[in-house]
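K.L.:
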Ligand SMILES: [Zn+2]
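Residue numbers (the numbering used here): 1 to 189.
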């Protein structure tokens with residue numbers, strides 16, 4: 001049951017190009033336990049042994065097997081009411097994260113689903129598991145944030161919900177990038 005949820009969302013992210021062969025990670029929280037994808041696994045073809053269950057706060061023998069972003073996932077669960085997290089590398093959103101300090105959706109769906117999406121980590125060294133507290137605090141205000149030049153973190157009650165915010169942000173960023181390439185700019189409201 002849990003595996004099916006991970007597989008469905010992992011395949012969707014991979015098929016849409018929102019993660020590459022071994023990037024991105026997914027997790028769900030149940031009480032004091034977190035189930036997260038394995039370090040360096042491919043989200044497009046998840047199997048039972050790719051799901052690692054460990055403590056929300058406490059380390060155990062499974063902890064070293066977990067995704068390198070475990071620290072960020074744990075911080076988000078501690079700070080928010082999220083039950084699921086999707087971390088992806090949506091290419092158009094990553095491109096905009098290198099030029100903008102916040103991303104404002106331009107398409108109708110993006111505007112209704114997402115608010116202003118902050119870009120975190122400007123002028124900071126971004127490494128796996130870094131910025132955990134900054135990302136977690138920002139996700140108290142919005143459902144998805146971008147890390148400068150890296151990727152997105154989205155929250156939801158289900159993985160599917162967090163995936164929807166990720167796909168919606170990428171679609172919106174693709175439109176913005178197309179507008180910029182046409183040099184017409186983003187229409188002012
Ligand atoms: Zn990443």
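Built from N, CA and C at the ideal position, the CB exists for glycine as well.
1. To the nearest angstrom, report how far apart residue 66 and residue 102 are at their CA atoms.
2. Is residue 23 near ligand 1 - that is, is its Cβ less than 7 Å away from at least one heavy atom of it?
3. Are three or more beta carbon pairs between the stretch 129-146 and the stretch 75-88 nearer than 8 Å?
4. Taking residue 117 as the reference, give the member of 181, 130, 172 and 76 with the closest Cα.
5. Go ahead and label residue 169 buried or exposed: buried means 16 or more other beta carbons lie within 10 angstroms of its beta carbon, across all protein chains shown.
6. Report the option in 106, 161, 96 and 181 whose CA atom is closest to the CA atom of residue 8.
7. Following the continuous alpha helix (DSSP H) through residue 120, name the residue where it begins and the one where it ends.
8. Can you say whether residue 49 is buried or exposed, counting buried as having 16 or more other CB atoms within 10 angstroms of its CB?
9. One question on the structure: do residue 96 and residue 176 come within less than 8 Å of each other, judged by their Cβ atoms?
10. Going by other Cβ atoms of all chains shown within 10 Å of its Cβ, with 16 needed for buried, is residue 73 buried or exposed?
11. Pick from 98, 115 and 99: whose alpha carbon is nearest that of residue 106?
12. How would you label residue 17, buried or exposed, when you count the other beta carbons within 10 angstroms and need 16 or more for buried?
13. Measure the alpha-carbon distance for residue 22 versus residue 14 and round it to whole angstroms.
14. Given the structure, does residue 151 come close to ligand 1, in the sense that its CB is under 7 Å from one of the ligand's heavy atoms?
15. Straight-line CA distance for residue 82 to residue 150?
16. By alpha-carbon positions, which one of 62, 47, 38 and 29 ends up nearest to residue 56?
17. Does the beta carbon of residue 89 fall short of 7 Å from some heavy atom of ligand 1?
18. Determine the closest residue to residue 159 out of 39, 43, 182 and 20, with distance taken between C-alpha atoms.
19. Taking DSSP's pairing of strands, which residues face residue 27 in a bridge?
P.N.:
Per the coordinate set shown:
1. Along the chain shown, read from residue 1 onward, the residue named residue 66 stands at position 66. Along the chain shown, read from residue 1 onward, the residue named residue 102 stands at position 102. Going from the Cα of residue 66 to the Cα of residue 102 covers about 30 Å.
2. By 1-based counting over the chain shown, the position of residue 23 is 23. At least one heavy atom of ligand 1 is nearer than 7 Å to the Cβ of residue 23, so yes.
3. yes
4. Counting from one through the chain shown, the residue named residue 117 turns up at place 117. Cα-wise, what sits closest to residue 117 is 172.
5. Walking along the chain shown from the start, residue 169 turns up at place 169. The residue in question, residue 169, is buried, as its Cβ has 16 or more Cβ neighbours within 10 Å.
6. On the chain shown, position 8 is the one that residue 8 refers to. Of the listed residues, the one whose Cα sits closest to residue 8 is 161.
7. In the chain shown, the residue the question calls residue 120 occupies position 120. Residue 120 -> not in any alpha helix (DSSP H); beta strand (DSSP E) instead, spanning 117-120.
8. Along the chain shown, one-based indexing puts residue 49 at 49. Residue 49 should be labelled exposed.
9. Against the chain shown, residue 96 aligns to sequence position 96. Against the chain shown, residue 176 aligns to sequence position 176. Taking 8 Å as the Cβ cut-off, residue 96 and residue 176 qualify as a contacting pair.
10. For this step, residue 73 is matched to residue 73 along the chain shown. Its Cβ being crowded by 16 or more others within 10 Å, residue 73 is buried.
11. Residue numbering aside, residue 106 sits at position 106 when the chain shown is read from its first letter. Residue 115 is the option with its Cα nearest to residue 106.
12. For this step, residue 17 is matched to residue 17 along the chain shown. Classification of residue 17: exposed, given that the 10 Å Cβ count is below 16.
13. To locate residue 22, count along the chain shown from 1; it is residue 22. To locate residue 14, count along the chain shown from 1; it is residue 14. So the alpha carbons of these two residues sit roughly 10 Å apart.
14. The residue labelled residue 151 in the question sits at position 151 within the chain shown. Flag set: Cβ of residue 151 near ligand 1.
15. On the chain shown, residue 82 is found 82 positions in, with the first residue counted as 1. On the chain shown, residue 150 is found 150 positions in, with the first residue counted as 1. So the alpha carbons of these two residues sit roughly 22 Å apart.
16. Residue 56 sits at position 56 when you count from the first residue of the chain shown. With distances taken between Cα atoms, residue 56 lies closest to 29.
17. For the purposes of this step, residue 89 is identified with residue 89 of the chain shown, where counting begins at 1. Indeed, a heavy atom of ligand 1 lies less than 7 Å from the Cβ.
18. Within the chain shown, residue 159 is the residue found at index 159, counting from 1. Cα-wise, what sits closest to residue 159 is 43.
19. Reading the chain shown from its first residue, position 27 is the one you call residue 27. Paired residues: 36 and 85.
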